[in-house]
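Everything below concerns the one structure shown next.
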Amino acid sequence: MSTFANLPVEMVEYVFTFVRQRPDQGAACLVSRSWRHHMAPKMWEKLETNLRESGGRSLRTLLKADSNILPHVRELKICSLTSMDDTEDMEDRLRLLVAALPRDKLRMIYCTYYITDSTFQQLLLSQRKLESIQVDTTFTNLDQTGDSHFLFHDYHSWTASMMSEVKQIKFDIGMEEDGQAEETFRILRKALDECPRLENLILIDPMAFQDSLQDILSYATGGQLFFQLTSVTFEGLNLVPDRSRPFCHNFNITNLQQMNLKLCENVIQFLDSLTKSYSEMSGALKVLSIELLEDDSTPLETTSSIEGFLKACPKLKDLCLVLATCPLVGKDYLLSHADTLRSLVVSTWGPEQRVYSKQDLGSILKACKRLKCLAINFPRIRLGSVTKPGRDLRFNESEEGAEGLLAQISRYSSLHTLGMLNLPELTFDYYPKDHRTPAMVPNQAILQSYNSAMQSFANQVFRYMAQYGTSLKVFHVEAESVFGNSADLTVVPVFHNWHDFTYISGNVQDGSGIDVAVRVPLKAARREFPNDFIIQNFARKGSHI
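For the sequence shown, position 195 matches number 196 in the working numbering, and the numbering has no gaps at all.
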């Protein structure tokens, strides 16, 4: 009799790759020992744990030989459960896990805990094939009171061979004092030399130190510090504060394919330097993500600099612009990438959130024929009000502007993912005008009300777009940290932080037999749609992988 095992190997792998994407993937392991055997490589290739949780990802389970988990782990992400975790206890747990990992199998390590020198050395000694290192340790912290590990001969003699396969690494460059730019450059130069295959550099300044990237790169004679990189992420850096001094970005633009600038200061001259390079020769840039600071002192000039860069740089496939309080980028600068653009994210913050007009958005969608993912600010939408905690929702008709915008988007059937980057409004009529009241309202009742409202709204969006022939797969609403006016207690109270809302289309039906949108955790959506730029982008918030 034919069995599942008689299927071609390629078909078996395809089936379990699909199962691996499902939230309840673990259930497949209960079918039979054969299914568990086939599932293991896909199910445990990427392991995320806090080393405390119970169940399949607990340390006790991971260390059991018969669990058959660790031999398949290639990417390991260890995240702290809370900021109050016992660091010493977690260090001991991490040592046990590192010791149990099969030798030279791990390719990526990401850890939010601080790792001591001895544990990091243990990791490097047992995992010589690491390609991505994103950890907090003195090895990756370029702020050193004495000689850096990368400059100290005893460490250099063995780290050189241990990091020869590294393609991605994260460095922290925060310094308590200014005037250390030359020392930071020496450390960074040596670190890059130790990683001959390095392609992806993540440079973070968590302390907002006085020296800038401009100061550090001023010591790079020949302008080739970042010459080998194909991807770079700068987060929290002061890029180029002094316009009167020359600046060289040090990139080989014929190699650079991806650039992420997150919450950096003084981005104008940095972008202008790259703009000049792209105007002189062609480049390879395909992915650009810029997230601006909320308190940008020159918003008009910053937007103008971004527009100039978009006009000069190569044709982009994925573009994300979180413009904070700066003006929107003109549509013509987006249209210069219309032939290649697959994903587009453009958002603004503040009380006057700017939105593209229906005409401008129509021009963008009509020209960008390959666009699959779109995330933008919508005109104001009021979902309605709640008269009692947790029930009795009354939904208003969609605002004319929002409905018109949605109708405009719905005409383009190629869209796969739609992101709404400003949360719809929901009022609570049962709040008396007493500032002491919100703290007395059960959070669970508020969440129940908002979840019900958002579920109904997502259903409306999916059905509305389906009427126009657009088979939307994902609808994502990006929640904000503060809602409404703190003086107006009829709006969602400012003390509450909401989570993002992510919905996917499916064949789930309600009691009346009508298909409904299914809300899923962002992590599950990220797993199900690994090539979705918007979902991956939002899922990486607060993370660097």
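From the three backbone atoms N, C-alpha and C, an ideal C-beta is built for every residue, glycine too.
Please name the residue, chosen from the options, that lies closest to residue i on a Cα-to-Cα basis.
i, options, result
"LEU301", "ARG61, ILE535, LEU324 and PRO42", "LEU324"
"ASP216", "ILE174, MET91 and LYS130", "ILE174"
"SER232", "ASP243, ARG246 and GLN258", "GLN258"
"THR50", "PRO42, ALA66, VAL74 and LEU193", "VAL74"
"LEU424", "GLN354, CYS249 and LEU218", "GLN354"
"ALA221", "LEU230, ARG190 and ARG464", "ARG190"
"SER219", "PRO247, CYS196 and GLU200", "PRO247"
"SER280", "LEU289, GLY309, ILE291 and LYS474", "GLY309"
"ARG383", "GLU266, VAL99 and GLU426", "GLU426"
"ALA459", "ALA41, VAL475 and GLY470", "VAL475"
"ILE79", "VAL99, ILE205 and TYR357", "VAL99"
"LEU262", "VAL241, SER278, ALA285 and THR234", "THR234"
"LEU335", "THR326, GLY363 and TRP350", "GLY363"
"ASP137", "LEU52, ILE116 and LEU124", "ILE116"
"ASN532", "ALA41, VAL478 and HIS417", "HIS417"
"GLU479", "THR326, SER450 and LEU523", "LEU523"
"ARG53", "GLN123, LEU95 and ALA66", "LEU95"
"ALA454", "ARG412, MET91 and PHE502", "PHE502"
"SER472", "TYR451, THR428, SER411 and TYR504", "SER411"
"SER348", "ASP212, PHE121 and CYS321", "CYS321"
"GLN468", "ASN452, GLN449, ALA408 and HIS477", "ALA408"
"ILE365", "THR341, LYS332 and ARG381", "LYS332"
"THR185", "GLN537, ASP212, LEU202 and LEU97", "ASP212"
From which residue to which residue does the alpha helix (DSSP H) around residue i run?
i, result
"GLU308", "300-313"
"THR276", "269-281"
"LYS332", "332-336"
"SER133", "Looking at the DSSP string, SER133 is not in any alpha helix (DSSP H); the run it does join, the beta strand (DSSP E), is 133-137."
"ASP118", "118-127"
Return the first residue and the last residue of the beta strand (DSSP E) that residue i is part of.
i, result
"ALA376", "374-377"
"THR185", "Per DSSP, THR185 belongs to no beta strand (DSSP E); it is in the alpha helix (DSSP H), 182-195."
"SER290", "288-292"
"SER232", "232-236"
"PHE252", "Here PHE252 belongs to no beta strand (DSSP E), and DSSP marks it neither H nor E."
"LEU63", "From DSSP, LEU63 is part of no beta strand (DSSP E) but of the alpha helix (DSSP H) over 60-64."
"PHE172", "169-173"
Using three-state DSSP, classify residue i as helix, strand or coil.
i, result
"LYS474", "coil"
"ARG520", "strand"
"LYS359", "helix"
"LYS370", "coil"
"GLU529", "helix"
"SER344", "strand"
"GLY405", "helix"
"PHE463", "helix"
"TYR220", "coil"
"VAL1", "Any answer about residue 1 is impossible in this case: the structure gives the chain only from 2 up to 546."
"ILE536", "helix"
"THR50", "strand"
"LEU416", "coil"
"ASN452", "helix"
"GLN259", "strand"
"ASP90", "helix"
"PHE502", "strand"
"ILE79", "strand"
"LEU264", "coil"
"LEU240", "coil"
"MET1", "As shown, the chain starts at 2 and ends at 546. That puts residue 1 outside it, with no answer to give."
Could you round the C-beta distance between residue i and residue j to whole angstroms and report it? I think they count as a contact, below 8 angstroms.
i, j, result
"THR113", "SER81", "5 angstroms"
"ASP93", "GLN128", "Not really, about 19 angstroms apart at Cβ, beyond 8 angstroms."
"VAL268", "THR304", "So it is not a contact: roughly 11 angstroms between Cβ atoms."
"LYS168", "GLU132", "5 angstroms"
"GLY224", "ASN251", "5 angstroms"
"THR326", "GLU292", "Not confirmed; about 12 angstroms, so no contact."
"LEU240", "PHE271", "4 angstroms"
"ALA313", "THR341", "No, ALA313 and THR341 are not in contact; Cβ-Cβ is about 15 angstroms, not under 8 angstroms."
Could you check whether residue j and residue i sit closer than 8 angstroms to each other, using their CB atoms as the reference points?
i, j, result
"LYS367", "LYS318", "no"
"GLY420", "VAL346", "yes"
"LYS359", "SER415", "no"
"SER298", "PHE534", "no"
"LYS370", "HIS338", "no"
"LEU406", "ALA376", "no"
"PHE172", "LEU199", "no"
"SER506", "ALA518", "yes"
"MET44", "GLU76", "no"
"ILE307", "SER278", "no"
"CYS1", "SER290", "For the chain, the structure presents residues 2 to 546; residue 1 sits outside this window and is missing."
"CYS265", "LEU238", "yes"
"LEU102", "LEU71", "yes"
"VAL58", "LEU48", "The residue you asked about is not Val; residue 58 is Arg in the sequence shown. The answer is yes: Cβ separation under 8 angstroms."
"GLU547", "ILE205", "For the chain, the structure presents residues 2 to 546; residue 547 sits outside this window and is missing."
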